[in-house]
Structures are given as C-alpha cells and as structure tokens.
Amino acid sequence: MAYDLVTAERVRHLLADRGDVAEKKMMGGLAFMVKGGMCCSVSGRGGLLVRVGPDAAKLVKEPQVKPMRMAGRVVKNFVSVMPESYRTPAQLKKWIERGVAFTTTLPPKKEPRPRSG
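Under the numbering used here, the first residue of the sequence shown carries the number 51, and numbering increases by one thereafter.
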C-alpha cells in the first residue's frame, strides 16, 4: 500500500521553513528526517508515525493514538496516530511540532562513511 500523498504534502508544507529536513522512503512510507533523525513518517499502512520520546507512554492514552509496532514489538519513543487525529491543519501541526520538539533534542546524525570496495 502506498503512503498518503496528501498527508505527505501537508507534512512537507509544515516543515518547509526548516533547513535541516530531508525525506526518505522507508518502512513502506515516507519519513521526514530532522537533523538526520526520523521525526515522523507518513505510513504506508495508514496514519502517521511520530517520534515523541518518553511522552509516548502517556500519548497513547489519547483517542486514535496507538503504540507504534514493528515486527510485532512496540517501538519506544514513537506513536502511531490515526488519520482522525490529524484531519485539521491545527491537529496535524500539533503532531508535527511534537515530533520536531523531541527530534531536535537528539544529537545530529553523522553522515555515513563511504564504503571502500
């Protein structure tokens, strides 16, 4: 299943003023990287994955928010947000701001060294 192109464009618009954002296709969706770390991703399975840090444990109590699961295991620091929770521009902005707020506390990722071969 392809990720939601409309949601991807909405996220892109919210992050457009930042100079440290990159997009990367991964995990069946489109991830938005801030300072080299994944901030959020428009999921190919529907919904939005948001990196919120330790707040994930309390945020899953909100309606339409679930723990992020990968290979049957809960992924710490991420939540899976159903589309009903980001329908309006203000709702989506809140989730993206949460992701940026946590991701910008992390040290920048180093560029991988080229492999010699």
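Note that CB positions come from ideal geometry on N, CA and C, so glycine has one too.
The structure displayed is predicted, hence computed values, not measured ones.
(1) Using 8 Å as the threshold, is the C-beta distance between residue 84 and residue 70 below it?
(2) Skipping 5 residues on each side, what residues in its chain have a beta carbon closer than 8 Å to that of residue 127?
(3) Figure out for me which residue from 132, 157, 108 and 141 has the closest Cα to the Cα of residue 92.
(4) Residue 68 by DSSP, collapsed to three states: which one?
(5) Helix, strand or coil for residue 160, going by three-state DSSP, please let me know.
(6) Rounded to a whole number of angstroms, what is the C-alpha to C-alpha distance between residue 124 and residue 116?
(7) What residue does the alpha helix (DSSP H) around residue 107 start on, and which one ends it?
(8) Please specify which runs of the alpha helix (DSSP H), each continuous and at least 4 residues long, are wholly inside the segment 85-149, giving them in chain order.
(9) If I'm right that residue 87 touches residue 156 with Cβ under 8 Å, what's the distance once you round it to whole angstroms?
(10) Are the beta-carbon atoms belonging to residue 135 and residue 118 less than 8 Å from one another?
Answer, in terms of the structure:
(1) Residue numbering aside, residue 84 sits at position 34 when the sequence shown is read from its first letter. Residue numbering aside, residue 70 sits at position 20 when the sequence shown is read from its first letter. A contact, by the Cβ cut-off of 8 Å.
(2) For the purposes of this step, residue 127 is taken as the residue at position 77 of the sequence shown. For residue 127, the CB contacts under 8 Å within the same chain, skipping 5 residues up- and downstream, are 101, 102, 103, 104, 106 and 152 in chain order.
(3) Stepping through the sequence shown from its first residue, residue 92 is reached at position 42. Nearest option by C-alpha distance: 132.
(4) Walking along the sequence shown from the start, residue 68 turns up at place 18. The three-state reading of DSSP puts residue 68 in coil, since its state is none of H, G, I, E or B.
(5) As a position in the sequence shown, residue 160 is number 110, starting the count at 1. Coil, per DSSP.
(6) Within the sequence shown, the letter at position 74 stands for residue 124. Within the sequence shown, the letter at position 66 stands for residue 116. Straight-line spacing of the CA atoms in residue 124 and residue 116 works out to 10 Å.
(7) Taking the first residue of the sequence shown as position 1, residue 107 is located at position 57. 106-109 is the span of the alpha helix (DSSP H), which, as asked, contains residue 107.
(8) Listed in chain order, they are 106-109.
(9) As a position in the sequence shown, residue 87 is number 37, starting the count at 1. As a position in the sequence shown, residue 156 is number 106, starting the count at 1. Between residue 87 and residue 156 the beta-carbon gap is near 5 Å, inside 8 Å, which marks them as a contact.
(10) On the sequence shown, residue 135 is found 85 positions in, with the first residue counted as 1. On the sequence shown, residue 118 is found 68 positions in, with the first residue counted as 1. Taking 8 Å as the Cβ cut-off, residue 135 and residue 118 do not qualify as a contacting pair.
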